[in-house]
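Novice: Structure below; questions to follow.
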Amino acid sequence: MKGCRSTVSIYYINMGSGYKKMNKNIRGLENMPLNIKFLYSKLLSAMICIDDGCSQLKLAEFYRIINKIRLPSEERIRLVNSIITEKTDFSTVHGDIDLDRYLNDQEKNIFRFSLMKDLIIIMKSDYVETNSEKKLLQDIQDYFRVSDEQLSFFSKEYESDRCFFDDITDDREFKNIVANTVSAAAALGIPLVVLNYSGTFKGLGILGIISGLKAMGKRKRRSRGSILLGLTASILLGITTYKITKYIFSIRKDEKTKLMQLVKADIEELHESTKSIIYKDIEYFTNHAVEAEDNRELDNVLKAIDILKRAVATLENTKAVII
652 MKGCRSTVSI
662 YYINMGSGYK
672 KMNKNIRGLE
682 NMPLNIKFLY
692 SKLLSAMICI
702 DDGCSQLKLA
712 EFYRIINKIR
722 LPSEERIRLV
732 NSIITEKTDF
742 STVHGDIDLD
752 RYLNDQEKNI
762 FRFSLMKDLI
772 IIMKSDYVET
782 NSEKKLLQDI
792 QDYFRVSDEQ
802 LSFFSKEYES
812 DRCFFDDITD
822 DREFKNIVAN
832 TVSAAAALGI
842 PLVVLNYSGT
852 FKGLGILGII
862 SGLKAMGKRK
872 RRSRGSILLG
882 LTASILLGIT
892 TYKITKYIFS
902 IRKDEKTKLM
912 QLVKADIEEL
922 HESTKSIIYK
932 DIEYFTNHAV
942 EAEDNRELDN
952 VLKAIDILKR
962 AVATLENTKA
972 VII
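For the sequence shown, our numbering gives the first residue as 652, with consecutive numbering after it.
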């Protein structure tokens with residue numbers, strides 16, 4: 652599970668006439684092979700500089716995502732250099748995509764659904780959606796065979812997550828939103844098991860937040876309670892939408908309040924750690940500046956330092972958000 656090396660070896664898939672038991676390990680993005688995580692991040696980086704210039708708002712969100720999936724420093728530096736020196740074109744990158752070799756079917760679902768949702772996060776981060784961004788999103792959507800209905804669902808859930816702490820005040824409303832989200836996801840053919848392993852924003856709104864909170868082992872150590880364990884177990888065991896909905900409506904008001912507090916603590920922890928890794932990367936480029944062999948290399952290093960400083964300044968002056 653998320654944050655753990657151990658993975659669940661039993662899951663169920665809907666075969667039309669019922670659920671078929673599958674015996675395969677499922678890894679979240681952060682536990683997938685390094686080359687897959689780098690590919691994932693490379694695809695996301697295409698959205699940062701699709702238009703002229705490099706948006707500090709986009710880069711801040713990008714760093715939050717690659718921090719969430721635990722991309723190592725060496726790969727982060729490679730990506731920043733790539734962002735500064737070249738424009739990533741999906742038409743050249745998609746030739747490197749070879750998911751079948753490294754991922755099972757559910758992991759491929761995790762990859763493609765998470766990718767679309769994270770692209771939406773980056774695209775919307777600067778409050779303007781250009782034609783170039785929309786074209787890139789469409790190209791990647793078509794390649795990974797994500798339907799328009801699924802993409803629309805992810806976009807709506809993104810907006811819902813933006814106001815998670817503002818709008819969810821009524822206990823009944825909270826439960827209705829979660830229950831409706833489960834039903835909508837099932838109707839669109841989005842496997843509920845996917846959200847348990849998605850490394851970042853889940854695209855399943857509040858339900859994704861609930862099930863995505865750290866690893867089960869970490870939940871136990873922090874006494875995160877039956878609300879998290881019970882719902883997670885329901886999803887992992889392929890329980891029907893009806894039973895999950897029934898479980899949601901059994902959540903007590905005090906458990907919901909605790910959940911809200913856990914979500915806030917979780918995203919604030921990610922926010923702070925993301926600032927930390929950006930400062931580390933700034934330090935790397937600052938040290939590298941004295942080793943630059945020519946003016947062109949020095950210019951690129953200084954550009955990297957500048958955009959990273961702008962990105963971390965964005966995080967220093969904004970609140971933590973759900974991704």
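Think of the CB as a built atom: it goes at the ideal place given N, C-alpha and C, for glycine as much as any other residue.
Predicted model, so just to flag it, every value in this text is computed and none were measured.
Quick one: Cα of Gln789 to Cα of Ser783, how far?
Specialist: 10 Å
Novice: Since I believe His745 is in contact with Tyr691 (beta carbons under 8 Å), could you give me their beta-carbon distance rounded to a whole number of angstroms?
Specialist: Going by Cβ atoms, the distance from Tyr691 to His745 rounds to 13 Å, so no, they are not a contact pair.
Novice: Determine the direct distance from the alpha carbon of Leu787 to that of Ser803, and round the result to whole angstroms.
Specialist: 16 Å
Novice: By how many angstroms is the C-alpha of Phe689 removed from the C-alpha of Asp749?
Specialist: Straight-line Cα distance between these residues: approximately 12 Å.
Novice: So Ile928 packs on Tyr714, CB below 8 Å; how close in whole Å?
Specialist: 7 Å
Novice: Between Gln801, Ser806 and Glu800, which lies nearest to Glu780 when the distance is taken from Cα to Cα?
Specialist: Ser806
Novice: Around the C-beta of Thr808, are 16 or more other C-beta atoms found within 10 angstroms, so that it is buried, or is it exposed?
Specialist: For the sequence presented, residue 808 should be read as Glu rather than Thr. Flag for Glu808 reads buried.
Novice: Please identify the residue among Gln792, Ser724, Asp756 and Arg752 whose C-alpha is closest to the C-alpha of Leu770.
Specialist: The residue with the shortest Cα to Cα distance from Leu770 is Gln792.
Novice: Along the chain, where does the alpha helix (DSSP H) that runs through Arg763 open and close?
Specialist: Asp756 to Lys775
Novice: If I measure Cβ to Cβ from Ala940 and keep anything under 8 Å in the same chain, skipping five residues before and after, which residues do I get?
Specialist: Leu949, Val952, Leu953 and Ile956
Novice: Excluding the 5 residues preceding and the 5 following Ala721 in the sequence, name in chain order all residues of the same chain whose CB lies nearer than 7 Å to its CB.
Specialist: Contrary to the premise, residue 721 reads as Arg rather than Ala in this sequence. Cβ neighbours of Arg721 beyond the five flanking positions: Glu681.
Novice: Is it the case that the Cβ atoms of Leu966 and Thr925 are separated by a distance below 8 Å?
Specialist: Against a cut-off of 8 Å, the Cβ pair of Thr925 and Leu966 comes out as a contact.
Novice: From Glu726 to Lys970, what distance separates their C-alpha atoms?
Specialist: 27 Å
Novice: So Ile696 and Thr739 are in contact, right, with Cβ under 8 Å, and what is the actual spacing, rounded?
Specialist: A quick correction: the sequence has Ser, not Ile, at residue 696. With 8 Å as the limit, Ser696 and Thr739 qualify as a contact, their Cβ atoms being about 5 Å apart.
Novice: Using C-beta distances below 8 Å, list every residue in its chain close to Asn732, excluding the 5 sequence neighbours before and after it, in chain order.
Specialist: Excluding positions up to five away in sequence, the list reads Asn951 and Ala955.
Novice: For Lys671, is the classification buried or exposed, using 16 other Cβ atoms within 10 angstroms of its Cβ as the cut-off for buried?
Specialist: Residue confidence for Lys671 is low, a pLDDT of 39 falling below 50, so the modelled location carries little weight; the figure read from the coordinates is stated next. Looking at its Cβ environment, which holds fewer than 16 other Cβ atoms inside 10 Å, Lys671 is exposed.
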